[in-house]
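Protein chains in written order, with my numbering: chain F, 26 to 292; chain V, 360 to 651.
Backbone N, C-alpha and C fix where the C-beta goes; we use that ideal spot for every residue, glycine too.
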Amino acid sequence: MNTGNLLELNNISVVYSDVIQVLKGVSLRVEKNRIVSLLGSNGAGKTTTLKAISGLLKPENGKVTDGSIVYDGVPVQNLSPEEITRLGIIQVLEGRQPFKYLTIEENLRVGTATRWTKPYRKDLEMVYDYFPALTKRRKSLAGYCSGGELQMVVMGRALMAHPKLLLLDEPSLGLAPLVVKEIFRIIRRINEEQGTTIILVEQNANMALQIAHYGYVMENGKIVMEGGVEDLKENPDVKEFYLGVSAGGAARSYRDVKSYKRRKRWL
Amino acid sequence: MEFFIQLLINGLSVGLLYGLSALGFVMIFKSSSVLNFAHGELLAMGAFLFLVLVSWAKVPVFIAFVITLAGCFLLGFVVERIFLRPLIGESLIFVIMLTVGLASMFKGLLLFFFGGNLQTYPDFLPAALAIRLGSISVPPVYVASSLMGGVFLVLFGLFFKYSSHGIYMRSVADNQTAALSLGVHVKKVFALSWAIAAMVAGMSGIMLGIINGINVHQISSIGLKVFPVVILGGLDSIGGAIIGGIIIGLLEAFTSGYISPSLRDVVPYIILVFILLIKPYGLFGLKEIERV
């Protein structure tokens, strides 16, 4: 099933506005048809990593200054987003950015921008099949839809582009637990049925580790840990800092005040 | 009553032309949030290109019209490419100042080549286009401009509502980063909107030239009338531009007919103030959809 790496980041550094270094030598590999999860706290550089891959650093005055990003055997670092999206890499932005004044269906049609010469009806059907909740809202303005619907819209319009590599930035942000479950179920289905490789950035480590095959943990612009999800789930540091359980599996006892602050082993 | 109807018809046809000229302005604003102060000069460029082709090169009228539209399309494209593209990402005020500079440049060029005298097209519209109802007569130029206005309005409406490229253009206006993330060619969208805007401007320039004669100062000052029109209609609404244009056209016609021709240019502004007091986004402007 594995046919090698679809994407390789080799020791990349990212600098904003020529002075602010955000990524300090990040390396990661993504195998074809896999879901790879990128965990880490706020400001760790997860979103920047995704933007370095998708080319969206450019409009924010950021740049990959070092290292290389190899996608399907071709170096893609610092290409424009127009070029990168046409290679099959689509990023779903953090915080659901719909086109508010377009209807749901028009939102989905924007996803055809990379392949506008091809017919799109079938793709619409496919998206409505993945997200049945959108079917009856197809004619309403996106600005008036709920957060869960919007998350479906932005993922749906990314699917319209037939991505080979889908970058999902915090799809669970601000959603009710049941909706989160639904979204993650669909993510796994997309991965299995379409064979889409997915990089999943999440705060919700618990959910992310349930559907991912492999995981990376980032901190301060570096990768501090990586491994198969089963290993990560068992790792005491990940448990402590990202899953919120202590070594025993039960909630932490506050009696042992002295051991209250577990040191991160990698610092 | 006949006088009223005559004024109504004049106001409607001139208003439709105002709306048509405002259309291009709205397109540029919608896609890139740039207020184009050179819009009046774009009108004039179209009018003069047509003049050169028809009066000097003696090209048949229909072919000249098509060449003018194509030429203006190209002009808009080139202007975006050379002058505006380097400013993408800079503060909007720089871009707006640039359009002020473009306005003087175009005006200077036109004055240099054609001088400030009033020029006229040869009379080419067939007299059969005139409509006569009893004692009311509609001159052919008004009929022609209303027809053109109507046709292009419908075409643009369909283009923006249903065609893929129309939807991409609206998506860029809506959320540029998201459009970029889906691979919409934002620069091409800007270029296309300038090209289409210049084309529509050129067309309305020709019509205004037929009605009033062609003079650089006069046509470019009509470009300024675009401002009350679009503010009235809502800066980002294409339908609003047309309806705003018609309202201003009617106001002008009735003011000059019933009150005094010298108040023609003032009364529309007074009404504008009152409408804006009630509807601050303009009649059809987008209300900000705010998610709380």
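Item	Value
For Tyr-501 (chain V), the first and last residue of its enclosing alpha helix (DSSP H)	499-521
Residue nearest to Gly-508 (chain V) in terms of C-alpha spacing, selected from V:Leu-367, V:Gly-604, V:Ser-615	V:Gly-604
Nearest to Arg-210 (chain F) (by Cα), restricted to the options F:Gly-199, F:His-187, F:Asp-148, F:Leu-234	F:Leu-234
Beta-carbon contacts of Ile-364 (chain V) that lie in its chain and below 7 Å, excluding the five residues immediately before and after	Ile-495
Member of F:Lys-258, F:Tyr-241, F:Gly-172, F:Glu-33 whose CA lies at the smallest distance from the CA of Leu-198 (chain F)	F:Gly-172
Rounded C-alpha distance that separates Ile-212 (chain F) from Ala-550 (chain V)	37 Å
Own chain, CB closer than 8 Å to Val-40 (chain F), minus 5 neighbours either side, in chain order	Gln-46, Val-47, Gly-87, Lys-88, Thr-90
Opening and closing residue of the alpha helix (DSSP H) in which Gly-608 (chain V) lies	597-613
Nearest residue (CA-CA) to Phe-384 (chain V), options V:Arg-440, V:Val-502, V:Gly-405, V:Ile-555	V:Ile-555
CA-to-CA distance, Ile-618 (chain V) to Ala-503 (chain V), given in whole angstroms	28 Å
Per DSSP, cross-strand counterpart(s) of Thr-160 (chain F)	Paired residues: none, contrary to the question.
Exposure label - Ile-629 (chain V); buried when at least 16 CB within 10 Å	exposed
Pair within 9 Å by beta-carbon distance, Gly-240 (chain F) and Val-61 (chain F)	yes
Neighbour-count burial assignment, Ala-237 (chain F), 16 or more Cβ in a 10 Å radius	buried
Interface residues of the segment 525-557 of chain V facing chain F [CB-CB below 7 Å]	Ile-526, Tyr-527, Arg-529, Ser-530, Asp-533, Asn-534, Thr-536, Ala-537, Ala-538, Leu-539, Ser-540, Leu-541, Gly-542, Val-543, His-544
Proximal residues to Gly-120 (chain F) (C-beta, below 7 Å), its chain only, five neighbours per side dropped	Leu-198
Nonlocal neighbours in the same chain, by C-beta distance under 6 Å from Val-425 (chain V), ignoring five residues either side	none
First and last residue of the uninterrupted beta strand (DSSP E) at Thr-90 (chain F)	87-96
Cβ-based burial, Arg-162 (chain F) [other Cβ within 10 Å; buried from 16]	buried
CB contact below 9 Å: Pro-123 (chain F) versus chain V	yes
Anticipated Cβ contact below 8 Å, Trp-553 (chain V) with Val-438 (chain V), distance rounded	6 Å
Residue-chain proximity (Ser-523 (chain V), chain F), Cβ-Cβ < 9 Å	yes
For Ile-115 (chain F), the first and last residue of its enclosing beta strand (DSSP E)	114-117
Glu-107 (chain F) at chain V interface by Cβ criterion, 9 Å	yes
Alpha-carbon to alpha-carbon, Asn-103 (chain F) and Ser-42 (chain F)	14 Å
At least three beta-carbon pairs within less than 8 Å, the segment 570-586 of chain V to the segment 465-477 of chain V	yes
Start and end residues, alpha helix (DSSP H) containing Val-204 (chain F)	202-219
Backbone secondary structure at Val-625 (chain V) - three-state DSSP	coil
Against chain V: residues of the segment 119-145 of chain F by CB proximity under 7 Å	Gln-122, Phe-124, Lys-125, Tyr-126, Leu-127, Glu-131, Arg-134, Val-135, Gly-136, Thr-137, Ala-138, Thr-139, Trp-141
C-beta atoms of Gly-641 (chain V) and Pro-106 (chain F) nearer than 9 Å	no
Beta-carbon contacts of Leu-342 (chain V) that lie in its chain and below 7 Å, excluding the five residues immediately before and after	With chain V covering only 360 through 651, there is no way to say anything about residue 342 (chain V).
Simplified DSSP assignment, three categories, for Asp-256 (chain F)	helix
Residues bridged to Met-250 (chain F) (per DSSP)	F:Val-242
Coarse secondary structure for Asn-395 (chain V), derived from DSSP in three states	coil
Proximity to Val-95 (chain F) [Cα-Cα], best of F:Pro-84, F:Glu-85, F:Ala-77, F:Leu-81	F:Ala-77
Selected residue, minimal CA-CA separation from Gly-98 (chain F), among F:Glu-56, F:Ile-215, F:Met-177, F:Arg-134	F:Glu-56
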